[in-house]
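Take the sequence shown: its letters are residues 151 to 287, numbered as in the working numbering. Every residue, glycine too, gets a C-beta built ideally from N, C-alpha and C. Please read the structure below before turning to the comments.
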Amino acid sequence: MNQVGRYAASEEVDEFELMKMVMELPEKDKMLMWSQGYIDLVIEKMPEYARDILGNRMEKWEDTKAFYQDQIQAILNDEEFIRQAKGERKQFALYVMEHYRELQSLLFAAYDGKISDEDIRKFVYRRKFGGKKKYIH
């Protein structure tokens with residue numbers, strides 16, 4: 151939890167100081183609050199007129215999350231994917247890595263039945279601010 155989140159979680163919160171802290175945050179830290187799931191607490195403690203600072207961004211991130219959820223669901227319903235999933239685990243893993251490289255972490259979590267909303271939020275955050283650079287070969 152970043153400094154803004156810790157401040158918002160404290161008992162005595164000055165809403166104007168919190169608003170100032172949020173406005174000084176870079177986009178990456180604002181999205182991190184969303185991906186870790188405590189942005190609602192921060193928004194709740196901000197002044198009414200300033201809540202859209204994070205609210206509008208949060209809507210964009212939620213739309214992106216919904217896009218990936220739809221994409222994962224479409225893949226999970228694909229006949230070839232279902233057929234591969236019923237086969238040997240190693241062959242299935244190779245199939246996923248070959249055909250769905252970018253989404254493989256979410257697909258493996260879904261295959262194991264352990265995919266959560268938090269997993270998708272973290273995936274969206276890593277896609278936007280991940281450390282891996284993609285080079286053209």
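If you run the structure through DSSP and keep just helix, strand and coil, what is MET181? Looking at MET181 - three-state DSSP - the assignment turns out to be helix.
| In chain order, each alpha helix (DSSP H) run of at least 4 residues that lies wholly inside the region 168–251 | Complete alpha helix (DSSP H) runs here, min 4: 177–186, 189–195, 202–226, 229–236, 239–249.
- prompt: In angstroms, rounded to a whole number, what distance separates the CA positions of ALA224 and LYS178?
  reply: Computed Cα separation, rounded: 29 Å.
| said: Measuring only the C-alpha atoms, how far is LYS170 from GLU230? | reply: Each residue's CA atom was taken as its position, placing LYS170 and GLU230 some 51 Å apart.
Restricting to Cα atoms, I'd like to know which of TYR157, GLU252, ARG207 is closest to LEU191.
If we check each option's Cα against that of LEU191, TYR157 comes out closest.
Query raised in the report: How far does the alpha helix (DSSP H) with ASP269 in it reach, from first residue to last?
Result: Taken as a continuous stretch (DSSP letters only), the alpha helix (DSSP H) holding ASP269 covers 267–279.
Cβ atoms of ARG207 and MET173: under 9 Å apart, would you say?
-> Taking a C-beta distance under 9 Å as the contact criterion, MET173 and ARG207 do not qualify as a contact pair.
| message | Quick check on the burial criterion: 16 or more other C-beta atoms within 10 angstroms. Buried or exposed for LEU256? | response | Around the beta carbon of LEU256, 16 or more other beta carbons lie within 10 angstroms, which makes this residue buried.
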